[in-house]
Each structure stands twice: as C-alpha cells, then as structure tokens.
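Structure first, then comments.
Protein chains: 2
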Amino acid sequence: MTEPLQSGLLIEAFDVQLFRESAESVLAKLEKHLADLSIRGLELVEPAQLTRAARALMTKERDRPAAFDEARLAEIVDLYIRTGVQVHSPGYMGRQFSGVVPLSGVVDFVSSVVNQPSSFYEAGQLPNVAERIMADELNQFIGFEPGTFAMVTTSGGSLANLTALLTARNRAFPGVWSRGSSEIPGPSRPAVAVGADVHYSVARAAGILGIGEDRIVRLPLDAERRIDVRRVRPALDEAARQGLDVFCLVASAGTTAVGAFDRLDALAAVARERDLWLHVDGAHGASLLVSDELRHKLRGIDQVDSLAWDAHKMMFVPAPCTLLFYRDRERSRGAFRQTASYVFDDQPSVYTELDSGDKNFECTKRPMIMSLWVLWAMYGRALFAEKIEYLCRLTRYAHAILEEQSDFETLHYPEANIICFRYRPEWVDEDEVARFQVEIRNRVKHRGNFFISKVDVDGVAALRVVMMNHQITTGHFQMLLDEIRKAGKAQ
Amino acid sequence: MTEPLQSGLLIEAFDVQLFRESAESVLAKLEKHLADLSIRGLELVEPAQLTRAARALMTKERDRPAAFDEARLAEIVDLYIRTGVQVHSPGYMGRQFSGVVPLSGVVDFVSSVVNQPSSFYEAGQLPNVAERIMADELNQFIGFEPGTFAMVTTSGGSLANLTALLTARNRAFPGVWSRGSSEIPGPSRPAVAVGADVHYSVARAAGILGIGEDRIVRLPLDAERRIDVRRVRPALDEAARQGLDVFCLVASAGTTAVGAFDRLDALAAVARERDLWLHVDGAHGASLLVSDELRHKLRGIDQVDSLAWDAHKMMFVPAPCTLLFYRDRERSRGAFRQTASYVFDDQPSVYTELDSGDKNFECTKRPMIMSLWVLWAMYGRALFAEKIEYLCRLTRYAHAILEEQSDFETLHYPEANIICFRYRPEWVDEDEVARFQVEIRNRVKHRGNFFISKVDVDGVAALRVVMMNHQITTGHFQMLLDEIRKAGKAQ
C-alpha cells in the first residue's frame, strides 16, 4: 500500500498567505461598503441575468483549475455585496434584518474559521461558557429566578418557537414523544391559542408537531392589535366547547406586522389559572428589555414559561442568533429525550453538564453566541439600549410626520420601531387603495432608492417601515415620503 | 417632539476605521492559528475557571463603557481560539467537524457583515442564484432528472432530516398538517424504518413530528453494518403485522458510527415496491459523490426521494451548510403550506419564483450556500474530490497499520474516512475491554496531544477516528497509537 499524498491544489487552497491576501481584499471591500452611507434600495436583477453573470465567474476547468484567480474572487464579492439588501444604507427601511455592529461581523469571522460547534462543551468551551454568562446577563432584565432558569441558543426564531411548543406539547401529552400523537387518549384534540397577528412560524410549528394548523385558536385583537385580554377566557371556553384541548398560549412581544406587544402580565394570569404553557415570541421585541425606557412593554415577562429572542434582529449581530429562555430549567429538558453513544456521555461530569445537544435541536450548532457576547463584553448593554431607543424614537417621530400629511394615513401608534401606513392621495379611489399600496411598494422597490415592505392589516394591504438602522434620520424619512409620492405618479 | 440624536457610543461602534483595525487584529491571529501545524488536542478547562476568565474580560461599566479596548478584544479572541476543538491541527482526529478551507471562512465573513437572508430572492439575490447553480452542479453527480428536481439549503443535517420526514409524512397522511395526527383514521400508526445505526436526529424527528420515537423500526445490519437488504422485507412485514404503517425508509450514506453506506439501489427497489418515501441521510457521505473514485458507494442515489447533504462536513465550509435535495420538485412543496402577507407574495413573478421560504423551515436563513459556491467557482470540484480521496486513502492506510498491531483490534474495513477500533493489550481482561476504551479516550483527551472520540459498536465501546484534515499523515496516525499505548499505562 502506498503512502497517500496531498495534492498541490490542496496545499495551495490551504496556503496561509493566500488566506491573508483574500481576507485583505475582502476587508477592503467591506470597509468601503460600510463607509458608503448613500441612500439606496435594491438593485433588482432578473434571476436569469444574474445566473449568467454568476456562471461567467466560475472556473471552466472541470478537474484542474489554473492558479488562484484573485481578480475573479474580487468580482464575485462585488457582485455579492451589490445585489443584496442594503442593510447598512439609510435607504433600507423595509424588514427586520439588521445591519450588524461591524465588530460582531469580525467575531463571526473568527467563528467561521475556527469552526467550533457549540452543542458540546468540549468542542467549543468558550461559546458554552459565554452562553451561560449571556443567560445571566440578560436575565437581569427578564427576572426569572437566578439558578433555576435555562437558556439555549438555536438557529433562528422559527426553531426557537418550534422547540418551545414541543416542550409544551411533551409536558401536556407525555406519551406523544414515544408513541406518537395518534394514540392520544379519547377525543382530545391538542390545540394552541395565539394572537391573530402571531408570526407564521407558530402555525407552521403546529403543522410540524402533529397538532395541526387548523388547531390554532386565533384570539381576537384589541384596537392596538394586541391580544384582547378581555376576550381570551371566552375564546378559550369556546375552543373547549368545540372539543379543542388548548395546552399552550403564544403571545408576541413585538408582532411582525405592526410591532404590537401583548400584555404578558394579564396573559400570565390566564395561563396560570388554566395550566397553560405561556410562550412568548419575542423574536423582534425582547431586545427592548435591555432599555430602562422601553422595558415596561414586556411587563410580566418574568411569569412566562418560555421566550424566543432573536439577537440577530434588535441586538444587531449576524443571523442566526436566537436565544430561547425557559423559566424552569427542569422543564427545558423535556423538549428532546435521546441517547446517542457518540455524542451523549453516559457519565455526566462538570464538562458535559454544559452540553446543550440534548436541549437544542441541532447536533452541529454554530457558536452564534460569540458575536453577541463579545459585543456585550466590550460595550455592555449601553450600545444595545442606545441603538434601540434611537430607533424607537425615530419611529415615533416618523409617526408624527405622517400625521401631518394629508395624503398619508397611519394605522397605529408605533410601540417599537415598526410603523404601518397607507398612501392615500385623493385621486385614488377607495376600492383601489389596497392594490395601490402593493403597486407603490413595488414601484419604490424598482426605483431602487428605498426599500420598504408591505403587509396586510385587517386584510388590507399597507406600507410598512422597519427602522433597524440608526444612520437613518427624520430627513431620510421625509425623503421616503417624497419618493412614495413620486412613485405614485409614475406609470 | 425633538429630533432623535445618535449617541457617541453608537457612532464609535459603527466607525469604519475601528472595523478595519479589529478585523486586521483578528486576521493576524487567524493567520497564526492556521499556520500552526503543531500536533495538539484539546486544552480542556474547567467551566468554572473559564467562566472566571471570560468574566474578567468583560467591561465593568454598566452603562457607559470607556473607549474601545483593543487589548481586551485581542485577549478574548486568543481565549476563543485556544479553548476550542483544534480542527486545523493534525492532532484532531475525533469528529466530523471540519477545518474549513480558509477561503470559505473569508466568504462567510462577507456573509456575516452584509447579512443577506436567503429565504427570499429580493433580500439575497446572489445566494438564491448560487443555490440553483450549486443544485445543478451537484446534481451532475446525483443524476436526478434535470429541471424537475429541487434543492434547498437549511441549517444543519438534523433540520434537513426533519424536513424530509415531514414531506414524507404530509404525503402519506395528507390531513395531518391541517388537522393534526390525532385524527389519523382508524388504527393506523405511522412509522419510519431506519438502519440500526441511523443518526439520532431521525428518531428525534419522529418524536417531534408526532410519529413517536417508539415507531422507529430499526432494520438489522449486515456484517458491514449496512442495512441488511435481505432482511428488509421480512422486517417491514413484521412491522405491518404489529399494526405499524411504515411510510418512510431512511438509509444512511455514511453512518455516523463507522461510516457505512447503505445499498441505495436495493433499498430503492423495496421503496418503489411498497410505495415508501426513501430518504437518505448523506450528511457525512454524500460528498463522496464528487469523486469518480468513490461515487460508486452511493449507487442508486438517483432513485431516492430525498437526500440530506452537509457541506460543512466533507465539503469543508463553515457550519451550518446543509443541502436538501428532492428528486421531485413538486413533492418538495409539500413540507410546509402557509401564507404570511409580509413575506409570501400573492402574485408570483420571476423574482419570487426563487424564494425558498415556503420550502425551507427558516424565515431568516443565513446565505450559507455562498461559502460553498465560491469555493466551487474558484476551484471546481477538484479541490473537494482530491481532499476526500486523500482522507479516505489515509483511513484505509490507518486500517492497514492497525491490522499489523497485535494490541489493536479493528472493527470494520473503512468505507470512507471513519475508522473504529479497540486497544486491547494482553493485560486488559476481556470484561474490562469496554470500560478501558472509554478510559483511554478520556485519558488521551486530558493529555491534550490528540483528540479522538468513542462510540458504541454492537453495544460495546470502541475508539473512533475521523480523518477530516488532509494535513494528517500516516506518521501522525502512528503517533496516535503510541499516545494510546502511553495513555493505557498512565494511571
């Protein structure tokens, strides 16, 4: 048997000098990108055209590429940056993706190269320790009992919502994990009650978990588009009459559509009274907890059973970085129950005690906490609180501006950094208003100066602005309104 | 109302010069890390001690940090790199995490900063196009019908396995998504048949999906630890007699324990015959498809219904980067069925046609494909094929070395880059062998020179080596055996 030999191509691809050169080249491009505060939206390219451009940048050698082509890499990176959503530009006001704090991108670069999976302590020691530290740090603002709560990171808010609902399902129907939900005794039909504006991932989780999307009980909203607390008990009674066994109540701390905050204290009282699991989808709004000025919007958060919190939204780190908190650590162990000899240790130790592979869905998990923890370690909570407070203030100011315009209609007072409104110049007929908003959104997008989104509010389309960038000023918002007016005239 | 003002701290944190400086500092550290080819395992630190060290590096200012502290950032990054699994060292032979191709880490850095979520074309145009291109490129080695198959990226192999099983469940039991599995008619008990060595995420998926972990039918293995094809039909018949309604068969292309490849062609015949969904967990081994020398291990892959393929394992890119292929594009639409006005467009267009948010679990999805596509664009398949072939050759060579040692016992001929064996010096009693392997693994770990794993084979502990690093030579493997002998003597 002959000794295996490394190929020249392999040696080149792992060459450290090449690594430095490509990183330097990319860094220069990112620096220029971050420094570019021009107002721009999307540069929308037809997929077929972009595919041709991308294909043209690929090596034509099937088996043996020529020497590393720096110029081609530079073109690829340029194309990548240019054709994406411009989260760092003041023209970007459209979604909840965030322009990251640059340092968190740098830390994530370390994570990409050292590639420490963080479901197991021995593979990524500092990420596991950082998770515990961040759990304690953030719990100062939640208020769970220190020492008996739990937190795991997971790959996105949808996965956090699924995991929480799974824990709730396993608690209410202990046999389902092992024997399947087809053997739930009697006429029981497990169901989940949610606010009518809950994120789609919750209904999706019900479909996945074998609960059934139709078993979602949509609770009516009040004028502020929060769950109408006075109508919760009657709605639950009605669900029970229809044979639904509601075991879980999902509240939103920051709905996706308008950023409304459900009244957690009142809902916690209902949940306690009826032995329901109370989960809060705080993907967007949980970050308001770090602000003394805004924390009150989540009053009662210390009484909920679980909380999903996307740090990649309002903590401004690369996606995904989601934190799933449980009030009761023991209950957090109920999500998954498994053995696998190659990962789970039979003999627990001080080391394996920090493993999260039995409490989070992923086997290989990105050490996502690092980009958050390092920001926190360097800046404390001040950075987050100041940015969030600025964005919420900016949004309230935008609301005030809208109120002064006779051709715009606001749909709610902004609780956070999301505001929905309609453009209604007098020459647009009543029955054309909805279609007109969609048209406006698309025209603004194609003009390429601003990026906003659309949303249905009470079934009628509206324009939606999400303020994620502190480089946006009230002047930029005024410019957006002018852009909308121009778009309205354009054919 | 007063105009909102950006704070000084915010301006500093987003300062482009600071970004450059911190990136330069981190780059120098990563360069040094990659250049360090010393043989090392884990530097295992007690969690309490590491927590103190980490806490000491955090700002003490609660609300107003002092000027940015470069030295502290440098210490944090040093600690991060040092305390992780050393995937780039030849001493690392223990798991399926990979030392990434450095360029893929650089590309992932771009992804971290530009933060383009890739479930929707308009947010990340190039990632969406790159997904289609990579799907076509890799399908050359799979062999699905061009134009009618589908591929989505998703956050890890566990999520890909769950998504595939969900698609299979929704196909076999169409009412479950909407009405829940408690209403499956009659005495039907949905079940999934798997090889006895299947990854734990498949049983976990059954627990999650309401199928039930106990409804996993474990098919017996042959001498090579593949599903024993001759015993599949009898096992399925027996399951049916017990009232189980098997709707899905899960094969492994590279089992986690020993790297065995199930015989896909034979299993596809069974699946067709009985109208079962055939899913392949190729998280580890699907990458062998790009090698002309090794592709034959997956013979029949063109006949399966779905395939999970972790590029963050044997394609050597940062985790997570998982590709989920479906033979039939139409069926891939069956995983999730939803509407959400703020993301899903009512009016499909050439742009929204590329959206994957209705076909992958995540709402915000990292543009994970970019690190893979750019490598492919720069190097073609040669880089991957050459690395994988080297690793598999190295592992066969390691097997040959083990066969020559009287104090070691091999447990299988390596099909890929995983090999399991036991250290059995004559002075260890027969009934101590299992405990001795666990002890050896732990001692090797604590000595800190090498990192290997342990696994149970037929219920008895064994040592496990996974060759993920082409910088490992046969000489390194000889050194590992000596290290094991030394560890055996140490008390």
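Keeping their order, the protein sequence lines are chains A and B. Going by numbering that gives the first Met the number 0, the first residue of the first sequence is number 0, and it counts up by one from there. Going by numbering that gives the first Met the number 0, the first residue of the second sequence is number 0, and it counts up by one from there. Glycine residues also receive a C-beta, built at the ideal position from the N, C-alpha and C atoms. These figures come from a predicted structure and were not determined experimentally.
When Cβ-Cβ separations below 9 angstroms define contact, Ser-111 of chain A makes contact with chain B. Our two residues, Leu-322 of chain A and Gly-356 of chain A, have alpha carbons roughly 15 angstroms apart in a direct line.
For Asn-127 of chain B, the closest Cβ of chain A is nearer than 9 angstroms. Below 8 angstroms, enough C-beta pairs join the stretch 133-147 of chain B and the stretch 366-379 of chain B to call them touching: three or more. Listed by position along chain B, the residues whose Cβ is nearer than 7 angstroms to that of Leu-41 of chain A are Glu-121. In the structure shown, His-278 of chain B falls within a strand segment according to DSSP collapsed to helix, strand and coil. Assigned with DSSP and collapsed to three states, Tyr-422 of chain A falls in strand. Among the CB atoms of chain B, one or more fall inside 9 angstroms of the CB of Tyr-79 of chain A.
By alpha-carbon distance to Val-279 of chain B, the top candidate from B:Pro-189, B:Arg-94, B:Ser-200 is B:Ser-200. Fully enclosed beta strand (DSSP E) runs of no fewer than 3 residues occupy 188-194, 215-218 of the stretch 177-242 of chain B, in order along the chain.
Contact check for Phe-246 of chain B against Arg-336 of chain B fails: the beta carbons are separated by 9 angstroms or more. Taking 9 angstroms as the CB threshold, Glu-212 of chain B lines the interface with chain A.
For the stretch 304-327 of chain A, the set of positions with a beta-carbon nearer than 7 angstroms to some beta-carbon of chain B reads His-311, Pro-317, Ala-318, Pro-319 in chain order. Using beta-carbon distances, Asp-280 of chain B does not count as an interface residue toward chain A, since no partner is under 9 angstroms.
Distance between Val-151 of chain B and Arg-51 of chain B, taken at the CA atoms: about 42 angstroms.
Under the Cβ distance rule, Asn-416 of chain A does not count among the residues neighbouring chain B, no pair being separated by less than 9 angstroms. Here the alpha carbons of Glu-11 of chain A and Glu-402 of chain B stand approximately 34 angstroms from one another.
According to the DSSP assignment, Tyr-325 of chain A belongs to the beta strand (DSSP E) that extends over 321-325. Note that the stretch 77-97 of chain B does not touch the stretch 75-87 of chain A; fewer than 3 beta-carbon pairs, one per stretch, sit closer than 8 angstroms. Around the beta carbon of Gln-139 of chain B, a 10 Å sphere encloses fewer than 16 other beta carbons of the protein chains shown; the residue is thus reported as exposed. Under the 9 angstroms criterion on CB atoms, Leu-479 of chain A is classed as non-interfacial with respect to chain B.
A residue is called buried when at least 16 other Cβ atoms come within 10 angstroms of its Cβ; Val-349 of chain B does not meet this threshold and is exposed. At least one CB atom of chain B sits nearer than 9 angstroms to the CB of Gln-95 of chain A.
What Asp-107 of chain A touches in chain B, judged by beta-carbon distance under 9 angstroms, is Asp-107, Phe-108, Ser-110, Ser-111, Val-112, going in chain order. Secondary structure at Arg-463 of chain A: strand, using DSSP grouped into helix, strand and coil. If you check the CB distance, Gly-40 of chain B and Val-464 of chain B do not come in under 9 angstroms. In chain order, Phe-449 place their CB closer than 6 angstroms to the CB of Leu-479 of chain B, counting only its own chain and leaving out the 5 sequence neighbours on each side. If you check the CB distance, Ser-181 of chain A and Ser-180 of chain B come in under 9 angstroms. At a cut-off of 9 angstroms between beta-carbon atoms, Phe-260 of chain A makes no contact with chain B. Collapsing the DSSP output to three states places Lys-485 of chain B in a helix. Segment contact: the stretch 299-308 of chain B against the stretch 215-224 of chain B, fewer than three CB-CB distances shorter than 8 angstroms; contact not assigned. Counting only residues of its own chain and dropping the five nearest sequence neighbours on each side, Met-466 of chain B has a CB closer than 6 angstroms to the CB of Leu-390, Leu-393, Thr-394, Asn-416. In the three-state reduction of the DSSP assignment, Leu-393 of chain B falls in the helix class. Residues of chain B with a Cβ closer than 8 angstroms to the Cβ of Thr-473 of chain A are, in chain order, Glu-2, Pro-3. Going by beta carbons, Leu-353 of chain A and Lys-386 of chain B fall outside the 9 angstroms limit. Contacts with chain B (Cβ-Cβ distance below 9 angstroms) from the stretch 49-76 of chain A involve Leu-49, Thr-50, Ala-52, Ala-53, Arg-54, Leu-56, Met-57, Thr-58, Lys-59, Glu-60, Arg-61, Asp-62, Arg-63, Pro-64, Phe-67, Asp-68, Arg-71, Leu-72, Ile-75, Val-76, listed in chain order.
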